[in-house]
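> Below: one structure in structure tokens.
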Amino acid sequence: MSDESWTTTLRHPARGAPLGRVVVLAHSGAGPNALLPMLRHLPDAYELVGVTLPGRERRFGDDVPDAPPEPAAVVDAALRELHRLPRLPTVHFGHSLGAALAAALTLAAPDLCEGLVLSAHPAGPPAERATDWPEQELLDIIRLGGGTPAEVLREPFLREHVLAVLRHDLTLGQRLAEEITGREIPVPVCVLAGEDDELVDVEQLARWQHQAVAGYSQRVFPGGHFFLLDDDNAPAVAAETAAVLQQRPHPGGASDGGDVV
Numbered sequence: 015m016s017d018e019s020w021t022t023t024l025r026h027p028a029r030g031a032p033l034g035r036v037v038v039l040a041h042s043g044a045g046p047n048a049l050l051p052m053l054r055h056l057p058d059a060y061e062l063v064g065v066t067l068p069g070r071e072r073r074f075g076d077d078v079p080d081a082p083p084e085p086a087a088v089v090d091a092a093l094r095e096l097h098r099l100p101r102l103p104t105v106h107f108g109h110s111l112g113a114a115l116a117a118a119l120t121l122a123a124p125d126l127c128e129g130l131v132l133s134a135h136p137a138g139p140p141a142e143r144a145t146d147w148p149e150q151e152l153l154d155i156i157r158l159g160g161g162t163p164a165e166v167l168r169e170p171f172l173r174e175h176v177l178a179v180l181r182h183d184l185t186l187g188q189r190l191a192e193e194i195t196g197r198e199i200p201v202p203v204c205v206l207a208g209e210d211d212e213l214v215d216v217e218q219l220a221r222w223q224h225q226a227v228a229g230y231s232q233r234v235f236p237g238g239h240f241f242l243l244d245d246d247n248a249p250a251v252a253a254e255t256a257a258v259l260q261q262r263p264h265p266g267g268a269s270d271g272g273d274v275v
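Using my numbering, you'd call the opening residue of the sequence shown number 15 and step up by one each time.
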């Protein structure tokens, strides 16, 4: 595994020095390239940096740990590389599992970012920590999320790999959620969701504002768990993300709930 295995630059500015940076953390079972249909709508002046966990995309050959993942080890590994980057105004963007990881990175090193975008992830710990993930339960999650092509699950090797990565990520997500619950987030927070998401209770999203002591906004889009990849939503999701980079912290507490689309 290389010294720079966790992060990679997905896009440099089209010309000139970057005006800001978006650090991208994807959903369970995926890497940051999965979010490119939305990310390409971000302003050309922003540098995009992806965080990739083992077993996916360019780290497909890295072993997915059998042991339950330790959130601190994942956060520390990513932060070691993010700390090496030249300092820029930065927003952390996380979708689903990536939202929990983005929040954990922000809490561990708030000096590295000016804002946080949390997509499709409710506030609070899981109702019950799973100790095992039966195959049928994993397949049900894949079906409800709607982001995995059926042909992938028909190929035995890919199916086994997808389920192993998903099992790892769901456990990591639960542990991350337990660690970040109730902790004050010292940068502005923007929460995004799909109104028809079958994996996320949209009503739980507003709980984030109790942790968002530097400012809070929320926007609900048409669509399901992957609302941000819908052609009609992607430009607006990118605009919300860019707006977080352009705003100043709001001392004294959260704002109102924001717009609902």
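Ideal placement from N, C-alpha and C gives every residue a C-beta, glycine not left out.
1) Pull the bridge partners of residue 204 from the DSSP assignment, please.
2) Looking only at its chain, what residues have a beta carbon closer than 7 Å to the beta carbon of residue 182, apart from the 5 residues adjacent to it on each side?
3) Please list, in chain order, all residues of the same chain as residue 186 whose beta carbon is under 6 Å from its beta carbon, the five residues on each side excluded.
4) Please report how far the alpha carbon of residue 114 lies from the alpha carbon of residue 30, in whole angstroms.
5) Should the region 241-261 be called in touch with the region 37-56, which here means at least 3 C-beta pairs below 8 Å?
6) To the nearest angstrom, report how far apart residue 149 and residue 221 are at their CA atoms.
7) DSSP on residue 107, reduced to helix/strand/coil?
8) Can you give me the start and stop residues for the alpha helix (DSSP H) that residue 21 sits inside?
9) Name, in chain order, the residues that DSSP records as bridge partners for residue 61.
10) Pick out whichever of 105, 259, 37 and 214 has its Cα sitting closest to the Cα of residue 237.
11) Cα-Cα, which of 146, 147 and 109 is closest to residue 130?
12) Spell out the partners DSSP gives residue 199 in its beta bridges.
13) Assuming residue 259 contacts residue 34 (C-beta within less than 8 Å), just tell me the rounded distance between them.
14) Alpha carbon to alpha carbon, how far is residue 212 from residue 22? Give it in angstroms, no decimals.
15) For the pair the region 169-182 and the region 228-236, tell me if three or more CB-CB distances fall below 8 Å.
16) Just verifying my parser: in three-state terms, what is the DSSP assignment at residue 187?
17) Using the beta-carbon count (16 or more within 10 Å), is residue 26 buried or exposed?
18) Residue 59: which of 51, 66 and 104 sits nearest, CA to CA?
19) According to DSSP, is residue 247 helix, strand or coil?
20) Which of the three DSSP states is assigned to residue 256 in this structure?
21) At what residues does the alpha helix (DSSP H) containing residue 90 begin and finish?
In this structure, then:
1) In the DSSP secondary-structure assignment, residue 204 is bridged to 131 and 231.
2) 78, 79 and 83
3) These residues qualify, in order along the chain: 83.
4) 33 Å
5) yes
6) 31 Å
7) strand
8) No alpha helix (DSSP H) holds residue 21; the beta strand (DSSP E) holding it covers 21-25.
9) 35
10) 214
11) 109
12) 226
13) 5 Å
14) 31 Å
15) no
16) Reduced to three states, the DSSP call for residue 187 is helix.
17) The residue is exposed, with fewer than 16 neighbouring Cβ atoms inside 10 Å.
18) 104
19) coil
20) helix
21) Here the alpha helix (DSSP H) through residue 90 covers 85-96.
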